[in-house]
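**Student:** In the numbering used here, the protein residues as written are 2 to 203.
Glycine included, every Cβ here is placed at the ideal spot set by N, Cα and C.
Source: prediction; values computed, not measured.
So that we are looking at the same thing, I have put the structure below in C-alpha cells.
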C-alpha cells in the first residue's frame, strides 16, 4: 500500500528517539514506487511512522487467518525455507519466532529499535552482514543465523536460546545459564515454544 504523503512529510519533535532507535524511512519515487528502509542512504528518505510492538503481544496482531494456516502456507515461507536450509534451524521454529516477534509485520519496530519480521537489533544484524532489516529475506536470514548461534552457545537448549534471543545472550549467561527473571522474557519463551509445538503437531 503506498505511503501517504502526510506520513512522508512528518517532522515532529518526537522523531529524535525514533531515530536513535533505528526508525523506518521512506519515500515514493517519480514512478510511484514506494521505498522503505531502516538505512536512509538516499536524500529523499524521510522518517515515517512505524508500528511499535512488544514481542510477546505481536502474535495477537497477526493478520486474521494467518495463525490458522499450516506453516507451509504462511507469509514469507520461501524465505524461511531458504534460511532454514542455510542454517539448519527448523523452519517451524523460525515461523514460531516470527509469529511472536512481529506477527508477520515486516515493518514492525519495537520501542528499543528491534526491526522487521524477526525483530533484530541493528547491532545484531550487522554481525551477520545485514543492512536493510525491512527486507524480509535479509531479516529472516540474519535472524536464523543468530538463532543458530544461540542454540550452539546453549547446547541446543531451546528455552535458553529463545531467552537469549529475547533478552540477549549475556543476560542468560549472567543469570547462571537460566531464564532471566524478566517478565517479558518469561512470557516470550513459552509463547514461542507453544507456537512451535503447535506447528510440529500440525
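For the segment 110 to 155, list the alpha helix (DSSP H) runs that are entirely contained and at least 4 residues long, ordered along the chain.
**Tutor:** As far as the segment 110 to 155 is concerned, its whole alpha helix (DSSP H) runs of at least 4 residues are 123 to 128, 137 to 154.
**Student:** State the start and end residues of the unbroken alpha helix (DSSP H) segment that holds residue 176.
**Tutor:** Segment: none, residue 176 is in no alpha helix (DSSP H) and carries neither H nor E.
**Student:** In chain order, what residues of the same chain have a beta carbon less than 8 Å from the beta carbon of residue 72, not counting five sequence neighbours either side?
**Tutor:** Closer than 8 Å at Cβ, skipping near neighbours: 78, 92, 93, 96, 200, 203.
**Student:** Note down the Cα distance separating residue 180 from residue 140, rounded to an integer number of angstroms.
**Tutor:** Approximately 25 Å, taken between the alpha carbons.
**Student:** Rounded to a whole number of angstroms, what is the C-alpha to C-alpha distance between residue 163 and residue 154?
**Tutor:** Distance between the alpha carbons of residue 163 and residue 154: 12 Å.
**Student:** Does DSSP classify residue 79 as helix, strand or coil?
**Tutor:** Helix.
**Student:** Considering only C-alpha positions, which residue in the set 185, 149, 178, 42 is nearest to residue 85?
**Tutor:** The option with the nearest alpha carbon to residue 85 is 149.
**Student:** Can you tell me whether residue 93 is helix, strand or coil according to DSSP?
**Tutor:** It is helical.
**Student:** Exposed or buried, residue 136, counting other C-beta atoms within 10 Å across all chains shown (16 or more means buried)?
**Tutor:** Residue 136 comes out buried.
**Student:** Is residue 71 near the ligand NAD, in the sense that its beta carbon is under 8 Å from a heavy atom of that ligand?
**Tutor:** Annotation note on the ligand NAD: not contained in the displayed structure, which lists no ligands.
**Student:** Could you say which of 166, 117, 177, 111 lies nearest to residue 186 if we only look at CA atoms?
**Tutor:** Here the closest residue by C-alpha is 166.
**Student:** First and last residue of the alpha helix (DSSP H) that includes residue 70?
**Tutor:** No alpha helix (DSSP H) contains residue 70, which DSSP labels as neither H nor E.
**Student:** Which stretch, first to last residue, makes up the alpha helix (DSSP H) that contains residue 45?
**Tutor:** Here residue 45 belongs to no alpha helix (DSSP H), and DSSP marks it neither H nor E.
**Student:** On a Cα-Cα basis, can you pick out the residue from 42, 123, 108, 125 that is closest to residue 117?
**Tutor:** When only C-alpha atoms are compared, the closest one is 108.
**Student:** Between residue 182 and residue 31, what straight-line distance do the alpha-carbon atoms span, to the nearest angstrom?
**Tutor:** Going by the C-alpha atoms only, they are around 51 Å apart.
**Student:** For residue 160, which residues from the same chain have a beta carbon less than 6 Å from its beta carbon, with the 5 sequence-adjacent residues on both sides left out?
**Tutor:** Excluding positions up to five away in sequence, the list reads 190.
**Student:** Between the alpha carbons of residue 81 and residue 177, how many angstroms are there, rounded?
**Tutor:** When rounded, the distance between both Cα atoms is 32 Å.
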